[in-house]
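A short worksheet on the structure shown next.
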Amino acid sequence: MAEKEQPAQGYPLAPSTIMPRSDAEYVATNHQQSQLQTRKKKRAKCLAYIAALAVIQAIIIAVFVLVIVRIRTPRVRLQDVQVANNVAGNNVRLIARVSIRNRNFGRYEFDSSVANIRSGNVNVGSFVIDDARVRARSTRRFHVIQNLSGTNLNSNSSVLDLTVEARLRGKVRTLWVIRRNRTARLNCAMRVNLSTNDVQSLRCE
1 MAEKEQPAQG
11 YPLAPSTIMP
21 RSDAEYVATN
31 HQQSQLQTRK
41 KKRAKCLAYI
51 AALAVIQAII
61 IAVFVLVIVR
71 IRTPRVRLQD
81 VQVANNVAGN
91 NVRLIARVSI
101 RNRNFGRYEF
111 DSSVANIRSG
121 NVNVGSFVID
131 DARVRARSTR
141 RFHVIQNLSG
151 TNLNSNSSVL
161 DLTVEARLRG
171 KVRTLWVIRR
181 NRTARLNCAM
191 RVNLSTNDVQ
201 SLRCE
């Protein structure tokens with residue numbers, strides 16, 4: 001009787017790899033590159049923000065120095081000038097308004113001063129400007145009534161040239177720390193028609 005053939009015994013097969021090693025490395029490399037790019041973008045944004053803040057701060061400092069800290073000399077002017085005289089013309093009354101304009105961001109404090117009124121080289125009158133304080137970015141006004149007298153008023157001419165001069169010495173105070181001495185000058189010239197009591201011209205420097 002013929003012998004039965006025994007089936008051939010085979011060796012077990014090795015398990016197949018689920019994902020090749022090269023694909024895993026590729027994915028890891030791409031992940032690292034994307035992280036690096038993200039970090040670079042964040043770093044670039046931070047640098048851009050820092051540069052923008054630096055520019056804004058520089059602009060703010062420049063405006064602060066040029067506008068707020070800059071000290072300007074206040075202006076003193078004569079306004080609404082009127083004259084009145086008697087028939088003989090030897091007694092002339094000057095009525096005016098003195099304005100002191102402070103353009104600074106701090107108050108201006110000045111001492112009392114005397115304003116001289118001249119006709120040519122002759123002093124024909126004067127008035128006192130009392131010490132006062134002008135607030136920041138504001139104008140202070142006060143009225144003056146002064147009788148003029150002098151030999152120049154007795155002339156036969158109906159036209160009288162007058163100059164008004166004064167110096168206001170004071171200080172500008174800003175930010176409660178900065179103090180600067182400033183002298184405001186009143187220097188106005190006018191021509192008065194005594195026959196009509198009109199101020200034909202008024203010019204202040």
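In the UniProt record's numbering, the protein residues as written are 1 to 205. Note that beta-carbon positions come from the ideal geometry of N, C-alpha and C, so glycine has one too. Only a predicted model underlies this, so the values are computations on that prediction, with no experimental measurement involved.
In the DSSP assignment, residue 40 forms no beta bridge with any residue.
Look at the beta carbons and you see the region 158 to 166 not touching the region 52 to 70: under three pairs across the two are nearer than 8 Å. Nearest neighbour of residue 70 by Cα position, chosen from 34, 80, 172 and 186, turns out to be 172. Just so you know, the alpha carbons of residue 163 and residue 109 end up roughly 25 Å apart. Residue pairing from DSSP places residue 110 in a beta bridge opposite 132 and 170. If you ignore the 5 residues before and after residue 114, its C-beta comes within less than 8 Å of the C-beta of 126, 127, 128, 129 and 166, all in its own chain and listed in chain order.
Considering only 122, 104, 143 and 60, the residue with the shortest C-alpha distance to residue 96 is 143. The DSSP-derived three-state label of residue 149 is coil.
In this structure, residue 140 and residue 107 do not form a Cβ contact; the two beta carbons are roughly 10 Å apart against a cut-off of 8 Å.
Residues 95 of the same chain have their beta carbon placed closer than 6 Å to that of residue 145, with the five preceding and five following residues left out of the count. With respect to residue 76, residue 100 sits close: the two C-beta atoms are nearer than 8 Å.
Sequence-distant Cβ neighbours of residue 117 in its own chain, meaning closer than 8 Å and more than five residues away, are 94, 123, 124, 125, 126, 127, 146, 148, 162, 163 and 164. Where residue 73 is concerned, there is no enclosing beta strand (DSSP E), because DSSP gives it neither an H nor an E.
According to the DSSP secondary-structure assignment, residue 165 is paired through a beta bridge with 116 and 187. With contacts defined by Cβ atoms closer than 8 Å, residue 174 and residue 68 form a contacting pair.
Here the alpha carbons of residue 181 and residue 37 stand approximately 59 Å from one another. Counting along the chain, the unbroken beta strand (DSSP E) around residue 102 starts and ends at 92 to 102. By the 16-neighbour rule on beta-carbons within 10 angstroms, residue 46 is exposed.
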